Every structure is written in structure tokens, then in C-alpha cells.
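Student:
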Amino acid sequence: MSSLLTSARVTPAEIAKELAFFAVIAFMMSIMILGVETVDRPTGLELALRWDLVILAIASTLVGRLGLIVRREHMSRLLQAVLIVVSAVMVFEMFVRFRDMDDRWAAPVTFDMAFQSVTSVIVFVAMIAVVFAIAYFSASTKRVVTEEEKAQSISSRLQVAYRTNTKKIGFVGILFFFIFPLLFGENRSAIDLATLVMIYIMLGWGLNIVVGLAGLLDLGYVAFYAVGAYSYALLSQHFGLSFWLCLPMAGIFSASFGIILGFPVLRLRGDYLAIVTLGFGEIIRVVLINWYNLTGGPDGIASIERPSFFGLAEFSRRVPEGVTSFSDLFGIDYSSMHRLIFLYYLILILALVTNFVTMRLRKLPIGRAWEALREDEIACRSLGINPTNTKLSAFAIGAMFGGFAGAFFATRQGFISPESFTFLESAVILAIVVMGGMGSQIGVVLAAIVMIGFPEMFRELAEYRMLIFGAGMVAIMLWRPRGLLSFRDPTILLNMSKKEKVAGENS
Amino acid sequence: MTDNKLLEVEHLTMRFGGLVAIDNLSFTANKREITAIIGPNGAGKTTVFNCLTGFYVPTEGRLTLHAKDGPRLLERAEGFRISRNNGVARTFQNIRLFTGMTVLENLIVAQHNRLMDASLFSLAGLFNLKRYASAEKEALERAKFWLNKTGLYEFADWNAGNLPYGNQRRLEIARAMCVEPSLLCLDEPAAGLNPRESAELNLLLQSIRDEQGIGLLLIEHDMSVVMQISDHVIVLDYGKKIADGNPDAVKNDPAVIRAYLGEEEDDELPPEVASDLHLDPKAQ
Amino acid sequence: MDWAYFLQQLINGLTLGAIYGLIAIGYTMVYGIIGMINFAHGEIYMLGAFHSLITFLICQAAGISGILPLTLLLMLVVSMVMTSVYGWGVERIAYRPLRGSFRLAALISAIGMSIFLQNFVQIAQGARVKAMQPFIKGGITLMESPNFNVQLSYMQIIIIVLTFVLMVVFSTLIAKTSLGRAQRACEQDRTMAGLLGINVDRTISTTFVMGAALASVAGMMVTLYYGVIDFYIGFLAGVKAFTAAVLGGIGSLPGAMLGGLLIGLIESFWSGYLTIEYKDVATFGILVLVLIFRPWGLLGKPEVEKV
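Residue numbers (the numbering used here), protein chains in the order written: chain A, 186 to 692; chain B, 141 to 424; chain C, 88 to 394.
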């Protein structure tokens with residue numbers, strides 16, 4: 186063992202010192218928040234002690250740190266993978282034990298939970314295998330990696346393959362999303378989940394124009410989503426306008442909103458712009474909560490009209506006199522799935538429109554000006570590009586797509602309230618864009634599936650969902666600071682093929 | 141000769157708080173000529189450029205550009221409008237390219253306004269109407285012309301940031317020329333170039349002057365460049381003009397020699413150092 | 088004009104402002120030194136509140152809560168120390184590996200950290216609002232008028248005095264010690280400071296620790312002042328404190344305090360005279376106006392655009 190823990194660079198004494206330091210840190214971080222629980226009693230707050238959690242926290246920190254030391258010093262791939270897995274299991278056990286402590290979660294569960302049924306054993310083993318594999322294969326036993334080896338590496342070859350085939354990948358992706366309902370047609374939750382993911386893909390694509398292309402950091406994108414949703418809900422309730430009429434109006438409202446908000450603030454520097462947009466997002470939410478007469482306040486707006494089949498037919502089981510129902514129109518039996526599938530295709534098409542418009546705009550002067558502005562605003566000014574108008578157009582177009590998505594959200598839910606438009610939503614959408622790789626359209630899809638799809642699948646984890654979500658955001662950023670697919674494709678090439686360009690950049 | 145005037149600077153003064161960066165400066169620059177502005181560090185050369193290209197609004201003075209369709213007052217236009225409406229393009233002392241975009245894209249972005257008009261707020265472009273397609277083709281041709289001219293054709297698809305330094309300098313000039321300016325302002329284009337690149341630059345600038353028929357305004361420290369190619373030299377020192385004339389006359393002007401080499405007891409402190417030492421620069 | 092009412096709002100506003108100011112200092116120091124919005128700073132403040140609450144409960148269980156100064160001191164020290172470790176840890180885990188990397192990556196990482204800490208506390212301590220019985224009661228009646236008595240509670244005195252003391256201590260620390268000099272050097276030019284032998288990593292860590300310590304004091308004050316906390320208090324307080332930092336001029340310590348006091352006063356007067364519901368809108372409205380007309384804040388220096 187001691188030989189395994191010796192490297193040319195560190196002595197066991199140094200390792201012990203480092204571990205002791207982290208043990209103290211772990212102790213201090215866990216002793217109060219984990220070690221002591223505040224329990225509500227009729228007499229007031231009381232304390233309950235949870236020493237096991239503190240011990241687990243310290244132990245997992247120590248083992249994990251040891252694993253990282255072994256990894257850092259390139260000592261043994263196997264050992265570091267084992268240590269990391271052990272640490273991960275301890276963290277898992279720690280969080281599982283939370284449930285035991287609080288009387289709100291009645292069923293006592295611990296580590297044993299993983300062995301209660303065959304499925305849970307399989308899931309547990311699979312998770313361990315994944316952690317092990319990642320830890321094992323991502324570590325290298327060699328100290329120095331040459332450029333050549335880097336180019337030969339799997340990830341680099343994958344990059345080249347991906348970048349030269351984006352069109353094909355995109356096409357296959359679109360095809361998959363189109364036939365998705367055929368595969369899962371009767372599975373209500375699958376369609377629901379796919380629709381939800383698609384909403385976020387659309388929002389991500391919309392925000393990508395603002396953040397990815399124009400480089401404007403917008404932390405209040407949800408405001409435009411809210412404007413879209415409320416404008417549809419209000420127009421349809423007060424004036425009885427149909428969804429198909431309201432959809433473009435919601436987009437226009439949101440875009441004008443973007444222009445009004447954007448005009449005074451777009452000359453601000455990056456971080457200031459971020460905080461102002463965050464402020465606007467919160468202002469809108471507060472107004473929505475308090476303007477009771479118009480918005481219904483915290484109660485929101487309920488029974489928002491569902492969309493018809495392009496104004497031709499309704500999806501309800503019983504339709505009023507003189508209105509065709511969807512099932513009659515096509516002469517098929519009524520199914521509640523029809524509406525869901527229709528909604529799915531609707532958002533799919535809206536999202537694809539967003540995508541195609543963005544792709545096209547990128548190759549137009551306005552899109553190139555956005556990217557140029559992101560690179561260097563001063564140079565843009567010297568070339569006669571109006572920075573304010575250019576930024577405003579990005580802001581407005583991004584807002585417009587947000588508005589479309591909002592209108593769709595309202596009609597799909599049938600109910601909206603300010604609760605759906607919190608800062609967290611903005612943060613999630615921004616995270617999708619940044620994690621996808623700024624400006625990358627396929628990256629947004631990937632990130633939306635990772636961020637929205639996976640957590641939704643693990644609904645049973647309920648209260649851990651957001652915890653894992655936050656930790657995942659940090660982890661992905663640490664792993665790939667520029668996002669999953671952070672490559673910029675040139676909008677025009679003169680004498681190289683795309684393949685040559687990509688290969689040139691990777692060598 | 142009056143009809144040959146391109147730029148008239150009259151009584152230009154620029155103050156930053158108490159600091160007078162340019163003090164009552166007047167000069168003219170002609171069409172089809174290279175006018176060099178030289179002077180020691182901190183003499184206010186770049187400030188003159190910033191006033192001309194809309195980055196600063198001058199405190200006082202008048203800047204008249206005699207464009208093809210009549211005179212324009214540059215001090216009234218601000219920021220991007222100088223380049224868009226009046227055709228003044230510039231390069232920067234520390235190169236400002238769109239480094240993540242390709243060389244060709246840099247040149248096409250420079251033609252933004254023309255393309256934007258053709259694309260009818262992107263609508264014509266979105267549906268790829270003929271009107272836009274032909275404008276884009278034209279823009280591509282212009283970009284190719286300047287790529288050939290600056291010897292960058294083979295690098296067209298490289299990311300601008302990956303170009304060697306000398307090529308980046310030339311790309312910036314090509315980009316400015318794609319604006320189709322009537323006045324091109326170059327801020328130290330030869331800085332950091334080796335002698336061979338510097339000689340190539342001279343040829344490029346001369347050919348721009350002779351073939352494009354526009355005026356060039358040049359800030360430069362490299363005297364070999366200044367003396368070889370400029371038709372007219374203006375010397376600034378502490379924001380004031382101390383000499384104005386053809387290169388040979390300026391070279392032998394005692395005031396210029398004094399400004400550059402200093403008098404015997406002068407330690408040639410740059411003004412910022414002098415002010416740190418609580419010396420009044422003007423008291424020297 | 089009812090002067091008594093006005094005076095009461097002024098007192099309340101200053102108390103609230105002192106709390107915002109203490110949080111704002113953390114934002115301003117971190118922004119000054121590494122140029123990023125430490126989004127998780129609001130959660131650090133929330134952790135400070137929880138640590139002080141738990142310390143108080145421990146004191147209560149140990150039967151020493153009757154000795155007021157001892158309990159207060161324990162709460163202060165324990166929450167400052169423990170929360171500082173969190174501040175250090177957040178920087179170490181989520182920001183340091185991303186330093187010098189893509190700017191947005193650090194911001195997203197910070198948002199992720201903020202979500203993580205919020206939910207961590209929610210799971211560890213429960214989602215319900217934690218209420219504690221008033222601990223320091225009573226106060227001085229400053230003014231009696233027929234329909235309104237102006238109260239300056241002992242708690243308010245403690246908050247204002249403590250804030251003042253901390254401000255003096257920290258300003259001296261930054262102005263006079265070598266640590267402060269190192270911080271200011273890193274603010275100007277990190278690479279150069281490193282070349283001159285300043286341990287940049289340690290200086291940045293210290294900045295986070297100092298910011299976290301101050302935020303934890305703010306958390307403790309809120310716990311004692313309002314007597315209710317939950318895992319969600321960090322977000323809004325964080326955004327408002329950041330507003331305060333920007334209002335005062337980001338990077339400036341006195342600016343952060345001044346901004347905090349102004350935000351506190353605005354909120355208090357807005358709720359006192361206008362509508363309480365829209366007090367947050369007022370804060371954000373001010374932020375927007377300041378950024379439009381004076382982006383460098385009240386005490387900051389304007390940035391000259393270099394061409």
C-alpha cells in the first residue's frame with residue numbers, strides 16, 4: 186500500500202497533511218448544517234443530532250481527496266477509480282440517510298434501499314459502474330501528453346467527426362424527434378416529457394441568439410417567456426382571440442418588450458447587463474404577482490383556451506354544436522392522446538422554425554454583425570456598424586422566440602402563474618445555452634436533454650433533484666468550461682472544404 | 141489646389157479634465173496623398189485619430205471632410221456614423237480583429253451597411269431574394285480583391301486570430317478598405333513588423349493611394365516608413381503642431397530635432413513620468 | 088408630515104441598510120479582485136443565518152442562553168468561522184479551476200453553486216420557515232407622539248453599532264495591512280502581482296473568506312432581528328446586496344456600505360409611504376437608473392474606454 190501511495194512528487198507525510206487539512210474543512214462544513222438538525226416542535230425549535238452524517242461527510246471527503254491525489258500524481262488508475270467510487274457511495278449513503286432523520290419523510294431508507302428489489306440493485310450497480318468507468322478511463326497514467334497524442338485521442342477524433350457531420354446529425358435528430366410520437370405514442374409521460382424538453386430547446390435556441398451569437402449576457406430571459414404566456418392568456422380570455430391569432434401577437438409583444446427594455450441598457454458592459462436583465466425579470470414577476478386585477482396575482486390565470494387543430498377542429502371529447510371534433514375530422518376514435526401529440530408537433534415545429542431562422546440569420550449581415558459585436562465592439566464601430574441597433578435586433582428576435590414559447594406554454598398548461606417565471610427558469614435556460622456550447626444549436630439540444638430530461642426522469646428523487654442539478658451545473662462547467670459542443674462553424678468558406686477547416690483547427 | 145483637399149482640421153482642441161491632449165491643432169490632408177502624423181510618445185497622435193473617427197467628441201474645433209458629395213462635419217457625427225455616413229475608416233494601434241471569425245468573414249462584416257441595405261432588414265436575406273444574393277456576391281468579390289491585394293488569399297478561411305502578426309496588420313488594413321472609405325486612418329501600421337514586412341506594407345499603402353485615389357492618414361514611429369512613402373508630414377509635440385511640410389523639410393526642422401532628441405539638459409521624460417515627478421512638462 | 092413616522096422609517100431603513108451593506112461588501116471585494124459576480128454569495132449569507140440559529144439553539148440547550156453577551160459572542164464567532172469555511176470552499180471548488188477561463192463559465196458555475204447550496208440546506212434543515220423566539224427584546228422610546236411612538240430597539244442598536252465596528256475593522260485591514268495591499272495589487276493586475284511574489288491564490292481565498300465572514304454577520308443579524316429564516320432568503324438579499332454594491336460603485340468598500348444604506352432606506356420609505364408590494368420593483372428600478380446614468384456607481388471611478 187505504501188508503495189502505491191508514493192510518487193516522485195509527494196511523500197506520504199505530505200499526503201497525510203493534505204488529508205488532515207481537508208478533514209478539518211469537511212468537519213467544519215458539516216458539523217452544524219449536517220450534524221445538528223432543527224426540528225419544529227410545538228414548544229419551538231429543538232435540536233436533533235446526526236453524528237453519522239458528519240462522519241460520513243468527513244469520510245467521503247477523505248477518501249475522495251485521496252482518490253484525487255492518486256489521480257493527480259498519476260499513480261494508479263485502478264486505485265483512484267476505486268477510491269472515487271467508495272467516496273461516491275458514501276455521499277449517496279449520506280444523502281439517503283437524510284430521509285431517515287426528518288419525520289416528514291416517513292419511510293426509513295438507507296443504503297439498504299439499493300438492495301430491496303432487483304431493479305434497485307441493477308440501478309445501483311449500474312451507477313457504480315458508470316462512476317468507476319468515468320474515473321478509470323478519464324485518468325491517465327502518464328504525466329505529459331503530447332500534442333500529437335491529443336489529436337489522436339478519442340475525444341478529438343469525435344470532435345472532427347461531429348463537426349464534419351453536423352448536417353447529418355441534425356437531420357437524424359430532427360427525424361428522431363418527428364417519429365418520436367410513433368415510438369411512444371401511447372406513453373403519456375414520454376410525450377409530456379418530450380414536449381417539455383422541446384420547450385426548453387426552443388427557449389435555449391431563442392436565448393442562443395442573444396447570448397451565444399451577440400454575446401449579450403441576459404439573466405432575465407424568462408421575462409419574455411412570461412410576456413408571451415400572459416399576452417396569450419389575457420388576449421384569449423378578454424377578447425376571445427384564438428391561439429393561432431395570438432401566437433404571432435405574443436411574439437410581437439415580447440419583441441417590443443425586448444426593445445423597450447433593451448434600449449436604455451444595451452450599452453452596458455457584460456456583467457452589468459446581466460444584473461439589469463435579472464432586475465427586469467424580477468420586476469416583471471413582482472408586477473405579475475401584484476397586479477391582481479389584470480393578472481390574477483399569485484393565483485394566476487386558469488382555464489386558458491386550448492389550441493384548435495388550425496382552427497378546423499377541436500380536440501375535446503364533446504364539442505359544442507357546429508364545431509367539428511378532431512376525431513370526426515379524420516374519422517378516427519377519440520383519444521386524449523391526440524391533443525398531446527398535436528401539442529408536441531406544434532412545439533417541435535415552432536422550435537425548428539426558431540432553429541432555421543437562427544441558422545439563416547447567422548449567414549446574413551445581421552448575424553455576422555452579432556458575432557462581430559461579440560468579438561470586438563470597438564472595431565465594429567470603426568466599421569460603421571451601429572452597435573445599439575444590432576444588439577437591439579438580437580435582443581428583440583431572441584425575445585420574440587421567447588414569446589412564442591410562452592404562448593405555447595400557456596396553451597399547453599391551460600394555467601399560468603408567476604411561479605412559473607422565476608429567476609431559476611432564466612438560470613436554467615442560460616445554463617442550457619452555455620453548457621451546450623455558446624452558439625451551438627445541437628449543443629442546446631444536448632444540454633436541454635441533460636438538464637431537463639434527466640432530472641424529470643428521476644422524479645422519485647424529488648427533493649434531491651435540484652441538488653443534483655446544481656452540482657451538475659458546476660461539474661459540467663469544470664469539465665468543459667466552454668460547453669459541450671463549443672465549436673464555431675464559419676458562415677462562409679472560400680477555398681477550404683469544411684472538413685479541411687476542421688482538421689486544420691484540430692491539428 | 142483647394143479642390144484637392146480631403147480633410148481640413150481647424151483649431152482642434154481636446155481636453156480631458158485639466159489635461160490638454162490636443163491644443164489648437166490645424167492641418168489639412170489631401171486626396172491621393174499620404175499624410176503622416178508623427179511625434180514623441182504621448183504627443184496626442186492617437187487622440188487626433190479618435191476625434192476624427194468618432195471615438196471622442198472634440199472639445200473645440202472643426203473637422204471638415206470633403207467627401208465626393210460635398211463637405212461633412214466630422215465633429216457632429218458620433219461613433220459608428222463617421223464610418224457609415226462619411227467614409228472614414230481606421231485601424232488600431234493594438235490590432236482589433238474579429239479573432240474568432242475567419243479572415244474572409246472579417247472582410248464581409250466590414251461591408252455590413254451595404255449588405256444590410258440590400259437585405260432589407262434581413263427579410264430579403266431570409267428568403268434569399270435575388271437582390272440580396274447579388275449584393276452578397278459583390279461583397280465577396282470585393283473581399284477577394286483585397287485578399288489578393290494584401291496577399292492573404294490563401295489564408296481566407298483561417299481564423300483571423302491564428303494569423304501571424306504581420307498578416308493581421310495587413311488584414312486590418314484590408315478590412316478597413318472594404319468599408320470603401322474616402323479617408324483611411326492607420327494607427328502605427330508598421331509597429332512590430334520586420335523590415336521585409338515593413339517594405340511590403342509601404343508598397344501596399346502606396347498602391348492604395350495611387351489606385352484607389354483616397355487620402356491616407358498615418359501615425360507612425362518607424363521613420364523609414366514615414367520618410368519613404370509620405371507626401372506630407374505633420375509633427376506633434378505635447379498636443380501642438382511644431383512642424384508641417386514635406387518629409388525632407390521636416391527632417392531638418394530644428395524644432396522637430398529638439399522634440400525627438402531633446403535639448404542637452406532635457407532628460408526626455410515622457411509626460412506621464414514627468415507629471416509623476418511633479419514636473420510641469422511645459423516648464424522645460 | 089408626520090415626523091415621528093418618518094423617523095421610525097429612517098431607523099428601520101438604516102438597520103436594513105446595514106445588513107445589505109455587509110453583504111454588499113462581499114460582492115464588491117470579489118468583483119474587484121476577480122471581476123466576477125459571486126452569485127453564491129447570497130447563499131453564504133443564508134448559511135450564516137442558519138449557523139447562528141443553530142449556535143443559538145445549542146446555547147439554549149446547554150442552558151447558557153441566559154447569559155446574553157456570551158451567547159451573542161458565540162453566535163458571532165461560530166457563524167463567522169463556519170461560514171468562512173463555506174466561502175473558502177465555494178471558491179476552491181467552483182471558481183478557482185475556472186479562473187482565467189471563459190468568463191461565462193464561472194458565472195454558470197456560481198449559479199449552479201447557489202442552487203446546490205440552497206437545496207443542500209433545504210434537505211439538511213428542512214424546507215419550513217425556522218422561527219425563533221425574540222431573543223433581545225425591548226428598546227428605547229425616542230419620541231412619543233399622540234398616535235405613534237418612535238422605537239429604537241436594542242437589536243437595532245446592536246446591528247448598527249456592530250456594522251460600524253466591522254466596517255472600521257475591515258477598512259483598516261484593507262488600507263493598512265500587507266494583506267490589504269496584496270488584495271489591492273491583485274485587483275490592479277493579477278499576473279504582475281504574482282510575478283512580484285504575492286500569493287495570488289491565497290489572496291483571492293482570503294477575499295472570499297472575508298466576504299463570507301461579513302455576510303455571515305449579516306445573516307446572524309437577520310436571524311435575531313426578524314426571528315424567521317428559511318433556505319430561500321439568500322437569493323433576494325443577494326440580488327439586493329449586489330444592487331447596493333453597484334449603486335455604491337463596484338470595487339469600493341465605502342461605496343458598498345453607502346449603497347446598502349441607500350437601498351435599505353429606499354425600501355423602508357417605499358414600504359412606509361407607498362406600496363409595500365412594489366418595494367422590490369423600487370430597488371431594481373433604482374439599479375436600472377443608476378446603471379443607465381452612472382454605471383460606475385456613486386463612489387466608483389468611471390472607466391475610460393481605451394482605443
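Heads up, the beta-carbon is just placed ideally off N, CA and C, and yes, glycines get one too.
Being a predicted model, the structure only gives us computed values, none of them experimental.
Applying a beta-carbon distance threshold of less than 9 Å, which residues of chain A neighbour B/I248?
Tutor: Going along chain A in sequence order, the residues near B/I248 (Cβ under 9 Å) are P550, R553, T676 and I677.
Student: By Cβ distance below 7 Å, which residues in the same chain neighbour B/M154 in space, the five residues on each side in sequence not counted?
Tutor: If we look at B/M154 and ignore the five residues flanking it on each side, its Cβ neighbours are A161, I162, T187, C191, Y196, P198 and T199.
Student: Under a Cβ-count criterion, where at least 16 other Cβ atoms within 10 Å of its own Cβ denotes burial, should A/A292 be classed as buried or exposed?
Tutor: Any reading at A/A292 needs caution, since the residue's pLDDT is 45, under 50, leaving its predicted position unreliable; the model's value is listed next. Exposed, by the Cβ-count rule.
Student: Using a C-beta cutoff of 8 Å, does C/D367 count as contacting chain A?
Tutor: Closer than 8 Å: yes.
Student: Classify B/M141 as buried or exposed, calling it buried when 16 or more other Cβ atoms lie within 10 Å of its own Cβ.
Tutor: At B/M141, the pLDDT of 44 sits below 50, so the modelled position is not reliable and the matter cannot be decided from this model.
Student: Going by the beta-carbon positions, is the gap between A/F495 and A/F511 smaller than 8 Å?
Tutor: Cβ distance not < 8 Å, so A/F495 and A/F511 don't count as in contact.
Student: Determine the burial state of B/L401: buried for a count of at least 16 other Cβ atoms within 10 Å of its Cβ, exposed for fewer.
Tutor: Burial call: exposed.
Student: For A/R226, which beta-bridge partners are listed by DSSP?
Tutor: Note: A/R226 sits in a beta bridge opposite A/G229.
Student: Any beta-carbon of chain C closer than 8 Å to the one on A/F654?
Tutor: Interface residue, yes.
Student: To the nearest angstrom, report how far apart B/R230 and A/G569 are at their CA atoms.
Tutor: Taking the straight line joining both Cα atoms gives about 11 Å.
Student: Closer than 7 Å, Cβ to any Cβ of chain B: which residues of the segment 389–405 of chain A, in chain order?
Tutor: Residues passing the 7 Å Cβ filter: none.
Student: If you reduce the DSSP assignment to three classes, tell me which class C/M230 lands in.
Tutor: The answer is strand: DSSP assigns C/M230 an E or B state.
Student: Would the segment 331–349 of chain C count as touching the segment 113–124 of chain C if we require 3 or more Cβ pairs under 8 Å?
Tutor: Cβ pair count under 8 Å is three or more, so yes.
Student: For A/M275, count neighbouring Cβ atoms within 10 angstroms of its own Cβ and tell me buried if that reaches 16, exposed if not.
Tutor: Buried is the call here.
Student: So, does the CB of B/D297 fall closer than 8 Å to a CB anywhere in chain F?
Tutor: No chain F is present in this structure, whose protein chains are A, B and C.
Student: Mind checking the segment 442–460 of chain A against chain C and listing, in chain order, the residues whose C-beta falls within less than 8 Å of any C-beta there?
Tutor: Cβ contacts with chain C: P449, V450, L453, R454, G455, D456, Y457, A459 and I460.
Student: By a C-beta neighbour count over all protein chains shown, 10 Å radius and 16 as the cutoff for buried, is A/R289 buried or exposed?
Tutor: Residue confidence for A/R289 is low, a pLDDT of 37 falling below 50, so the modelled location carries little weight and cannot support an answer.
Student: Quick one: give me the first and last residue of the beta strand (DSSP E) that A/L398 is part of.
Tutor: That residue, A/L398, is in no beta strand (DSSP E); it is neither H nor E in DSSP.
Student: Which residues of the segment 464–476 of chain A have a Cβ closer than 8 Å to any Cβ of chain C? Give them in chain order.
Tutor: Residues G464, F465, E467, I468, V471, V472, I474 and N475.
Student: With DSSP collapsed to three states, give me the class of C/L374.
Tutor: In this structure, C/L374 counts as helix in the three-state DSSP scheme.
Student: Can you give me, in chain order, the residues of the segment 565–578 of chain A that have a beta carbon less than 7 Å from any beta carbon in chain B?
Tutor: Here the close residues are R566, S567, L568, G569, I570, N571 and P572.
Student: For the segment 582–589 of chain A against the segment 307–327 of chain B, do three or more pairs of beta-carbon atoms, one drawn from each stretch, fall closer than 8 Å, so that the two count as touching?
Tutor: The segment 582–589 of chain A vs the segment 307–327 of chain B: no contact.
Student: Does DSSP put A/D484 in a helix, a strand or coil?
Tutor: Here A/D484 sits in helix by DSSP.
Student: Measuring straight from C-alpha to C-alpha, what distance separates A/M662 and C/R186?
Tutor: Approximately 12 Å, taken between the alpha carbons.
Student: Would you please verify whether the beta carbon of B/L152 is less than 8 Å from any beta carbon of chain A?
Tutor: No, because no Cβ of chain A sits closer than 8 Å to the Cβ of B/L152.
Student: Run through DSSP, which three-state label would B/V319 get?
Tutor: Here B/V319 sits in coil by DSSP.
Student: Pick out whichever of A/A498, A/E490, A/A595 and A/R597 has its Cα sitting closest to the Cα of A/F515.
Tutor: Closest by alpha carbon: A/A498.
Student: Just checking: is the beta-carbon of C/G358 within a distance shorter than 8 Å of some beta-carbon in chain A?
Tutor: The sequence shown places Ser at residue 358 of chain C, not Gly. By this cut-off, C/S358 is not an interface position.
Student: Could you tell me which chain B residues have their CB closer than 7 Å to the CB of A/N680, listed as they occur along the chain?
Tutor: What A/N680 touches in chain B: A296 and D297.
Student: Can you find a CB in chain B that lies within less than 8 Å of the CB of A/K686?
Tutor: Output row for A/K686: interface = yes.
Student: Between B/V160 and chain A, is any beta-carbon pair separated by less than 8 Å?
Tutor: Not closer than 8 Å to any Cβ of chain A, the Cβ of B/V160 fails to qualify, so no.
Student: Among A/E222, A/P227 and A/S215, which has the Cα closest to the Cα of A/T246?
Tutor: Considering only alpha carbons, the answer is A/S215.
Student: How would you label B/Q251, buried or exposed, when you count the other beta carbons within 10 angstroms and need 16 or more for buried?
Tutor: Its Cβ being crowded by 16 or more others within 10 Å, B/Q251 is buried.
Student: Please go through the same chain and pick out, in chain order, the residues whose beta-carbon is closer than 6 Å to the beta-carbon of A/P675, but skip the five residues on each side of it.
Tutor: Closer than 6 Å at Cβ, skipping near neighbours: no residue.
Student: C/P156: buried (16+ other C-beta within 10 angstroms of its C-beta) or exposed?
Tutor: Exposed, since its Cβ has fewer than 16 Cβ neighbours within 10 Å.
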